[in-house]
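If you're matching positions, the sequence shown starts at 5 in the numbering used here and goes up one per residue. We put the beta carbon where it would ideally sit given N, CA and C, even for glycine. What follows is a set of notes on a single structure, which appears directly below.
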Amino acid sequence: MSLPTHVRLVEVGPRDGLQNEAQPISVADKVHLVDALTAAGLGYIEVGSFVSPKWVPQMAGSAEVFAQIKRKPGVTYGALAPNLRGFEDAIAAGVKEVAVFAAASESFSQRNINCSISESLERFVPIMDAAKQHRVSVRGYVSCVLGCPYEGDIAPEQVARVARELYAMGCYEVSLGDTIGTGTAGATRRMFDVVSADVPREKLAGHFHDTYGQAMANIYASLLEGIAVFDSSIAGLGGCPYAKGASGNVATEDVVYLLNGLGIETGIDLDALIRAGQQICTVLGRPTGSRVAKARSAQ
């Protein structure tokens, strides 16, 4: 299969990245990050999450962030809204697209959200109904698609079952996440081959962590399978609090560099992206997780 000519990146740094940081992050710093990502040319930015601050303290103030960012026409500013209360809060904040998440692993589902996979999917029904009423798009996430910290390898057929359910209930796109970063290129290709029998490839996205250093290889393998949407995080921020040892998401800067080298269009300014990553890492007091940004700064 030939490589896609255009790839859409879903920037998850302001949500999936920052939610795992230990130190408090101000609303102003979050707004500055989102605005910098907008200026760099990202077409989709996951700005925050409407969940209880008790469980995810770093996502407190998401409504304020949405109120202050400079929205650019044509850019999607999404948010995670895993329950109806969160959805209602997102709507009140002017959010036009939300995301829900399920797991491909029963054990991970229990540890992460204290319910079975089937129960988690049932919880999304009222959200989907409300989304239709408000004409809000819903994106779906499936975690642990290539491995689970409790169960080990996950069968592609199990991933397909969950993805199929999310797609059938109205998620316009389903992102398949290698949450603990143990996937390999071969396993990635097999998974997408199996899942695409139930969900069209153009409705699937890849979400890779770099724990074992395989994220870029897995993205290239996904491109060979016709996948043209990928989640990534500025400066490689992120991880998973329920998956011990899971490192950050693949860095957006590194993905853009790969795609540029392949002649695949993204519409993203790599230099501006690197600056955005450097700025947020300065705020966090930590080095960037982007290999490209590190190499550029060493030149």
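Sheet register partners of residue i (DSSP bridge)
i      : result
TYR81  : ILE49
TYR145 : PHE105, SER179
GLU269 : HIS10
CYS152 : GLY156
PHE234 : LEU13, GLY210
ALA255 : SER237
C-beta contact flag for residue i and residue j at 7 Å
i      : j      : result
GLY187 : LEU241 : no
PRO18  : VAL35  : no
VAL104 : PRO86  : yes
SER66  : GLY52  : yes
ALA189 : ALA225 : yes
ALA96  : VAL102 : no
GLY90  : VAL142 : no
ASP258 : ARG295 : yes
VAL129 : VAL146 : no
CYS175 : GLY144 : yes
CYS334 : THR183 : The question about residue 334 has no answer here: the residues shown for the chain are numbered 5 through 303.
Continuous alpha helix (DSSP H) stretch holding residue i: start and end
i      : result
PHE196 : 189-199
ILE95  : 88-96
TYR224 : 219-228
GLY173 : Per the sequence shown, residue 173 should be read as Met rather than Gly. From DSSP, MET173 is part of no alpha helix (DSSP H); its letter is neither H nor E.
GLN72  : 66-72
THR42  : 31-44
ILE184 : That residue, ILE184, is in no alpha helix (DSSP H); it is neither H nor E in DSSP.
VAL99  : Looking at the DSSP string, VAL99 is not in any alpha helix (DSSP H), and its letter there is neither H nor E.
GLU123 : 121-127
Residue i CB to nearest heavy atom of the ligand GTP below 6 Å
i     : result
SER30 : Absent from the structure shown: the ligand GTP. Ligands present: none.
Extent of the continuous beta strand (DSSP E) run through residue i
i      : result
HIS211 : 208-212
Cβ separation of residue i and residue j, assumed to be a contact under 8 Å, to the nearest whole Å
i      : j      : result
THR292 : GLN282 : 7 Å
GLY47  : VAL11  : Actually they are not in contact, since the Cβ atoms of GLY47 and VAL11 sit about 11 Å apart, beyond 8 Å.
ALA108 : GLN162 : 5 Å
Residues near residue i in its chain [Cβ-Cβ closer than 8 Å; skip 5 each side]
i      : result
LYS74  : ASP39, THR42
ILE268 : LEU7, PRO8, THR9, HIS10, VAL11, LEU227
7 Å CB neighbourhood of residue i in its chain, flanking five on each side removed
i      : result
ALA44  : ILE272, ASP273, ALA276, LEU277, ALA280
GLU155 : SER109, SER111
LEU125 : ALA106, GLU169
6 Å CB neighbourhood of residue i in its chain, flanking five on each side removed
i      : result
PRO57  : ALA64
TYR171 : VAL178, VAL203
GLY21  : SER237, LEU241, GLY242
ALA219 : PHE212, VAL254
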